[in-house]
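Undergrad:
Protein chains: 2
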Amino acid sequence: MDVKQLRYFIAIAEEGSLSAAAQRVNVAQPSLSQHVISLGRDLGVKLLERSPRGVSLIQSGEVLLSHAREIVTSLETAVESVRQSGAEPMGEVRRSCPKLSDDGQCPPSGPVGHLD
Amino acid sequence: MDVKQLRYFIAIAEEGSLSAAAQRVNVAQPSLSQHVISLGRDLGVKLLERSPRGVSLIQSGEVLLSHAREIVTSLETAVESVRQSGAEPMGEVRRSCPKLSDDGQCPPSGPVGHLD
DNA sequence: TACGATTACGCGCAGCGTAAATATC
DNA sequence: GATATTTACGCTGCGCGTAATCGTA
Chain D
7 MDVKQLRYFI
17 AIAEEGSLSA
27 AAQRVNVAQP
37 SLSQHVISLG
47 RDLGVKLLER
57 SPRGVSLIQS
67 GEVLLSHARE
77 IVTSLETAVE
87 SVRQSGAEPM
97 GEVRRSCPKL
107 SDDGQCPPSG
117 PVGHLD
Chain F
7 MDVKQLRYFI
17 AIAEEGSLSA
27 AAQRVNVAQP
37 SLSQHVISLG
47 RDLGVKLLER
57 SPRGVSLIQS
67 GEVLLSHARE
77 IVTSLETAVE
87 SVRQSGAEPM
97 GEVRRSCPKL
107 SDDGQCPPSG
117 PVGHLD
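Keeping their order, the protein sequence lines are chains D and F. Quick note on numbering: the first sequence equals residues 7 to 122 in this note's numbering. Quick note on numbering: the second sequence equals residues 7 to 122 in this note's numbering.
(1) Please determine if the segment 20-29 of chain F and the segment 63-77 of chain D are in contact, where contact requires at least 3 C-beta pairs separated by less than 8 Å.
(2) Just reading off the beta strand (DSSP E) that residue 61 of chain D is part of, what are its end residues?
(3) For residue 73 of chain F versus residue 84 of chain D, is the C-beta spacing smaller than 7 Å?
(4) For residue 123 of chain D, collect the residues of the same chain with a Cβ closer than 8 Å to its Cβ; drop the 5 residues on either side in sequence, then sort them by chain order.
(5) Would residue 46 of chain D pass as an interface residue toward chain F - the criterion being a Cβ-Cβ separation below 7 Å?
(6) Return the residue from the list F:37, F:45, F:38 and F:39 that minimises the CA-CA distance to residue 7 of chain F.
(7) What residues in its chain sit with their C-beta under 7 Å from that of residue 10 of chain D, if we drop five residues either side in the sequence?
(8) Determine the direct distance from the alpha carbon of residue 47 of chain D to that of residue 56 of chain D, and round the result to whole angstroms.
(9) What alpha helix (DSSP H) runs, 4 residues minimum, are completely inside the segment 7-56 of chain D?
(10) Using a Cβ cut-off of 9 Å, which residues of the segment 74-89 of chain D contact any Cβ in chain F, in chain order?
(11) State the CB to CB distance for the pair residue 61 of chain F and residue 91 of chain D, rounded to an integer number of angstroms; the pair is presumed to be in contact (CB under 8 Å).
(12) Against chain D, does residue 24 of chain F count as a neighbour if the rule is that its beta carbon must be under 7 Å from one of theirs?
(13) In whole angstroms, what separates the C-alpha of residue 78 of chain F from that of residue 58 of chain D?
(14) Around the Cβ of residue 80 of chain F, are there at least 16 other Cβ atoms within 10 angstroms (buried) or fewer (exposed)?
(15) Give me the Cα-Cα distance between residue 37 of chain F and residue 13 of chain D, rounded to the nearest whole angstrom.
(16) Do you know offhand how far residue 43 of chain F's Cα is from residue 33 of chain D's?
(17) Which residues in chain F sit within 7 Å of residue 63 of chain D, going by Cβ to Cβ distance?
Right, here's the structure in full:
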């Protein structure tokens, strides 16, 4: 069970259609189809019903949806607070520059804040 | 960012050692090393310090740890409720939430099955 | 015919394990 | 030398996209 699947599922639930959700999350429909099948199999429940026009959530799907939203939100909150807690940013800061110096180097950089 | 990485990170934090954590989660040490490096890179933050005897969390790591525990718990709860939502009566229920909104309220709840 | 989901199939990459290297005691 | 992490490297499986197939109106 993966957060990516939860994101996909939220998109499907909100769009009511695999095709629309696929566009929204930039993934091909077959991939989403596979994910939702796999998700249902992992949970041992049927999550949604196939309608001639798209899909619609059934009870278990609604339950999953609310939890999924909560979890995804928690995750985003977590990332945000960890980033802001960073007294010690790490890694090299790579930057591009619009114009190289004559010696082919980037001009010296000024003070840099955190990356968004 | 993946839940698996959060589980791994929790194990590392609690064991204080990559080797011990690796045994606990049944993964080779190098794999965990890669994961924690990747996690730190994704977050743009240094999470722990290498000691000659294992590793120890620094501030950002502690922040991540608490969030990670919360998220993993939420995920397990979610799986449980979805599984049990199969044939259970449903309706609005009060629920606890791992994190209050800024105004001190629980985030809005959706329809759910019963909680044990 | 048109729209949407599923099945089939091939490819690339992420994650894993083994093994070798590095570091600290 | 012992313990613990990191680097190197090959392999397998998962996730994705394309294309073909099925279902319904």
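Glycine included, C-beta positions come from ideal geometry on N, C-alpha and C.
TA: According to the data block:
(1) no
(2) 61-63
(3) yes
(4) The displayed coordinates of chain D run from 7 to 122. Any statement about residue 123 of chain D would go beyond what the structure contains.
(5) By this cut-off, residue 46 of chain D is not an interface position.
(6) F:45
(7) Excluding residues within five positions, none has a Cβ falling inside 7 Å.
(8) 16 Å
(9) Entirely contained in the segment 7-56 of chain D, the alpha helix (DSSP H) runs reaching 4 residues are, in chain order, 9-21, 24-31 and 35-49.
(10) 74, 75, 76, 77, 79, 80, 81, 83, 84, 85, 87, 88 and 89
(11) The Cβ separation is near 18 Å, so there is no contact.
(12) It does not; no Cβ of chain D falls within 7 Å.
(13) 36 Å
(14) buried
(15) Those two C-alpha atoms are separated by around 26 Å.
(16) Cα to Cα, the separation comes out at about 28 Å.
(17) What residue 63 of chain D touches in chain F: nothing, since even the nearest Cβ is about 10 Å away.
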